[in-house]
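Numbering (my numbering), first residue to last: 2 to 137.
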């Protein structure tokens, strides 16, 4: 029974630490803690000022998440199709698949590599070894 009881000295120490609130309802709402935090607009303006002019020259479609998802899905389909076309029974050479899709679709090889990773993660293909891809 005496496990949770405090003597006067322990109560005084607890009072010094400011442990007097009992529930989360007594905690100040977000933003009222007195901490200096920059406003979201201020950080966005700083980020925009720090970006180079090349970012402004990008096509508006490239910034559209729906466009990115559709392009990624198209590349993933193209990667799997290329694997099937190049599969000689023991799989397709990874570099050949990437080169064929990059050339055929005018895509960046890094984007094609991402599409290969997406196909691997979604279970559309597997790697029998580090240099070979096999469609499922």
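Backbone N, C-alpha and C fix where the C-beta goes; we use that ideal spot for every residue, glycine too.
- Item | 6 Å CB neighbourhood of residue 116 in its chain, flanking five on each side removed | Around residue 116: 76, 77 and 80.
- Item | First through last residue of the alpha helix (DSSP H) which encompasses residue 1 | Since the first residue shown for the chain is 2 and the last is 137, residue 1 is missing from the structure and cannot be characterised.
- Query: Over what stretch of residues does the alpha helix (DSSP H) that includes residue 104 continue unbroken?
  - Reply: Run containing residue 104: 95-106, per the alpha helix (DSSP H) assignment.
- Could you tell me which residues DSSP pairs with residue 130 in its beta bridges? In the DSSP output, where bridge partners are listed per residue, residue 130 has 133.
- Distance between residue 14 and residue 6 (C-alpha atoms, nearest Å): Rounded to whole angstroms, the gap between the alpha carbons of residue 6 and residue 14 is 14 Å.
- Query: How would you label residue 84, buried or exposed, when you count the other beta carbons within 10 angstroms and need 16 or more for buried?
  - Reply: By the neighbour-count rule (16 or more Cβ atoms within 10 Å), residue 84 is buried.
- Inspect the CB distances between the region 95-105 and the region 116-126 and report whether three or more fall short of 8 Å. At 8 Å Cβ cutoff, the stretches touch.
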